[in-house]
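If you read the sequences in order, they're chains A and B.
Start counting at 1 in the first sequence, then tack on 20, and there's your number in the numbering used here.
Start counting at 1 in the second sequence, then tack on 449, and there's your number in the numbering used here.
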Amino acid sequence: QKEVEQNSGPLSVPEGAIASLNCTYSDRGSQSFFWYRQYSGKSPELIMSIYSNGDKEDGRFTAQLNKASQYVSLLIRDSQPSDSATYLCAVTPSGNTGKLIFGQGTTLQVKP
Amino acid sequence: SAVISQKPSRDICQRGTSLTIQCQVDSQVTMMFWYRQQPGQSLTLIATANQGSEATYESGFVIDKFPISRPNLTFSTLTVSNMSPEDSSIYLCSVPKDANYGYTFGSGTRLTVV
């Protein structure tokens, strides 16, 4: 079992729709969770972080965390073609080592 | 938040040679991380570079292949040694963005080994 799992996609949504990206993780001791966006040929860019159960909203983005289910998700409302990218879920493993474990990423395509 | 300058941005190297990648941070950071992103894949942590001590390598990565230097709190290098085509990847350094607020990445080094 991979430590952090994501559906690689591609996930295709029409412009203006809600895109839902999901991630599961295996380490129950994980405390910090991040969503990165990576455009082709670019380095990852942090878009959301979440540390406690529930929802966290920032503009069109909402991160959701359920530690009991070891599940974290990212919702993108009013999706735009510029949101087309690969979204990487990252988790800090238990032990406070500071490192991140990444999922394989989900490719999102927003069609005009 | 920290700003990272990474270079070179890309290089094409002959097999059997070595390449050193540099990351300069505009503020002092305790930990720096080196990642590899193989074509079409996600990021895999190579090692954690701590100032004043040897780097800590992840499973599957060894110091002889990926020696790391960390001479001070703002600078680190990763060397890819005795390269083969399988080393063709993007290499990225990363530092904490803010306290407990994720991590920022350098712009990456796209390495092609021929």
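Built from N, CA and C at the ideal position, the CB exists for glycine as well.
Note that the structure is predicted; figures quoted are calculated from it, not measured.
Out of the options, which one is the CA nearest neighbour of residue i?
i, options, result
"Pro465/B", "Ser502/B, Met532/B, Ser556/B and Pro457/B", "In the sequence on display, residue 465/B carries Gly and not Pro. Considering only alpha carbons, the answer is Met532/B."
"Tyr540/B", "Gln490/B, Pro520/B and Gln500/B", "Gln490/B"
"Ile470/B", "Arg485/B, Lys456/B and Ser556/B", "Lys456/B"
"Pro534/B", "Gly551/B, Lys514/B, Val563/B and Val544/B", "Val563/B"
"Ala88/A", "Ala105/A, Gln51/A and Tyr56/A", "Gln51/A"
"Val511/B", "Gly551/B, Ala496/B and Ser450/B", "Ala496/B"
"Arg514/B", "Leu468/B, Val452/B and Ser450/B", "According to the sequence shown, residue 514/B is Lys rather than Arg. That would be Leu468/B, whose Cα lies nearest to the Cα of Lys514/B."
"Asn73/A", "Thr82/A, Glu23/A and Leu108/A", "Thr82/A"
"Val130/A", "Glu35/A, Pro64/A and Gly61/A", "Glu35/A"
"Gln500/B", "Trp483/B, Arg519/B, Tyr484/B and Ser530/B", "Arg519/B"
May I ask you to list the residues that DSSP assigns as paired with residue i?
i, result
"Pro34/A", "Lys131/A"
"Tyr484/B", "Leu494/B and Leu541/B"
"Lys514/B", "Looking at the DSSP assignment, Lys514/B forms no beta bridge with any residue, so it has no partner."
"Met68/A", "Trp55/A"
"Lys456/B", "Gln471/B"
"Ala504/B", "Ala504/B pairs with nothing; no bridge assigned."
"Arg24/A", "With the sequence shown as reference, residue 24/A is identified as Val, and Arg is not the correct amino acid for it. Note: Val24/A sits in a beta bridge opposite Tyr45/A."
"Arg559/B", "Arg459/B and Ile539/B"
"Gly74/A", "Leu85/A"
"Ser525/B", "Cys472/B"
"Ser40/A", "Leu95/A"
"Asn499/B", "Met480/B"
"Thr553/B", "Val544/B"
With 8 Å set as the bound, which would you pick, yes or no: does the beta-carbon of residue i sit closer than that to a beta-carbon of chain B?
i, result
"Ser63/A", "yes"
"Asn114/A", "First, the amino acid is wrong: residue 114/A is Ser here, not Asn. Closer than 8 Å: no."
"Lys119/A", "yes"
"Gly123/A", "yes"
"Ser69/A", "yes"
"Leu41/A", "no"
"Phe81/A", "no"
"Leu85/A", "no"
"Gln66/A", "The question names Gln, yet the displayed sequence has Leu at residue 66/A. Yes, Leu66/A counts as interfacial toward chain B."
"Leu108/A", "yes"
Is residue i close to chain A, meaning its C-beta is less than 8 Å from at least one C-beta of that chain?
i, result
"Tyr552/B", "yes"
"Gly557/B", "yes"
"Ser491/B", "yes"
"Met480/B", "yes"
"Lys546/B", "yes"
"Leu527/B", "no"
"Leu468/B", "no"
"Thr523/B", "no"
task = Note down, one range per segment and in chain order, each beta strand (DSSP E) of at least 3 residues found wholly within the stretch 76–118 of chain A.
result = Every unbroken stretch of the beta strand (DSSP E) spanning 3 or more residues and falling wholly within the stretch 76–118 of chain A is given here in chain order: 81–86, 91–96 and 105–111.
message = Contact between the stretch 22–42 of chain A and the stretch 119–129 of chain A is defined here as three or more beta-carbon pairs at a separation below 8 Å; is this criterion met?
response = Because the criterion of three Cβ pairs below 8 Å is met, the stretch 22–42 of chain A and the stretch 119–129 of chain A touch.
query = Using 8 Å as the Cβ pair cut-off and three pairs as the minimum, do the stretch 112–119 of chain A and the stretch 88–104 of chain A touch?
reply = Look at the beta carbons and you see the stretch 112–119 of chain A not touching the stretch 88–104 of chain A: under three pairs across the two are nearer than 8 Å.
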